[in-house]
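Peer 1:
Residue numbers (the working numbering): 112 to 281.
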């Protein structure tokens, strides 16, 4: 989730309430597609009012896994991988170079953590905590919750691994 903190929190909670009402009224859980459409329609009705929010709606329903990008203008896009926020350009560089179809879960988790680290390291408006969740048909599980400053020591290249290209001339 990216954008203004208040907008992000408010609309995330609002979507949660709408999804719960759907479940109570219909006796079944809402699909990921429908939940993302609810959020996109709501955002579209507030378009031009200064909201700042971009988010991914992810889940697993009867149709399988679903991942959607929704922003504060009501734009909604289905995809296999997304990055939101000002650090997205840096994260996409890592995601696009390391993503493989049917990669093992542990590799996918590591790729996600590395992408978020690089986004936060290169973009001064990004940061905080890297929260990684594994979503399956049986539910979701939080896998990691790391402070990005701790990931710096894991992913940033060490000077001894990259010898200097400069030489001293006498």
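Note that the Cβ used here is the ideal one computed from N, Cα and C, for glycine as well.
Taking buried to mean at least 16 other C-beta atoms within 10 Å of its own C-beta, is residue 216 buried or exposed?
Peer 2: The residue is exposed, with fewer than 16 neighbouring Cβ atoms inside 10 Å.
Peer 1: In this structure, how does DSSP classify residue 203 when only helix, strand and coil are distinguished?
Peer 2: If DSSP states are grouped into helix, strand and coil, residue 203 belongs with the helices.
Peer 1: Three or more C-beta pairs under 8 Å: does that hold for the stretch 199-216 against the stretch 154-164?
Peer 2: Short answer: they don't touch.
Peer 1: Throw me the rounded Cβ distance for the residue 299 and residue 147 pair, which I believe falls under 8 Å.
Peer 2: In the structure displayed, the chain extends from 112 to 281; residue 299 sits before or after that span and is not available.
Peer 1: State the CB to CB distance for the pair residue 145 and residue 185, rounded to an integer number of angstroms; the pair is presumed to be in contact (CB under 8 Å).
Peer 2: Actually they are not in contact, since the Cβ atoms of residue 145 and residue 185 sit about 15 Å apart, beyond 8 Å.
Peer 1: Please look up how many angstroms separate the CB atoms of residue 169 and residue 143, rounded, as I've assumed it's under 8 Å.
Peer 2: At roughly 7 Å, the Cβ-Cβ gap stays under 8 Å, so residue 169 and residue 143 are in contact.
Peer 1: Going by other Cβ atoms of all chains shown within 10 Å of its Cβ, with 16 needed for buried, is residue 198 buried or exposed?
Peer 2: Residue 198 comes out buried.
Peer 1: First and last residue of the alpha helix (DSSP H) that includes residue 122?
Peer 2: Run containing residue 122: 116-137, per the alpha helix (DSSP H) assignment.
Peer 1: Could you compute how far the alpha carbon of residue 280 sits from the alpha carbon of residue 206?
Peer 2: Note that residue 280 has pLDDT 49, beneath the 50 cutoff, so the model's placement of it is unreliable and the number below is only indicative. Taking the straight line joining both Cα atoms gives about 40 Å.
Peer 1: Out of curiosity, what's the CA-to-CA distance linking residue 234 and residue 219?
Peer 2: The straight-line gap from Cα to Cα measures roughly 22 Å.
Peer 1: Have a look at residue 283 and residue 126 and give me their C-alpha separation to the nearest angstrom.
Peer 2: Residue 283 falls outside the range modelled here, since the chain spans only 112 to 281, and no answer is possible.
Peer 1: Applying the 10 Å Cβ sphere with the 16-neighbour rule, what's the burial state of residue 154?
Peer 2: So residue 154 ends up on the buried side.
Peer 1: Starting from residue 246 and walking both ways along the beta strand (DSSP E), at which residues does that stretch end?
Peer 2: Note, residue 246: beta strand (DSSP E), 240-247.
Peer 1: Return the first residue and the last residue of the beta strand (DSSP E) that residue 228 is part of.
Peer 2: Run containing residue 228: none in the beta strand (DSSP E); it sits in the alpha helix (DSSP H), 216-233.
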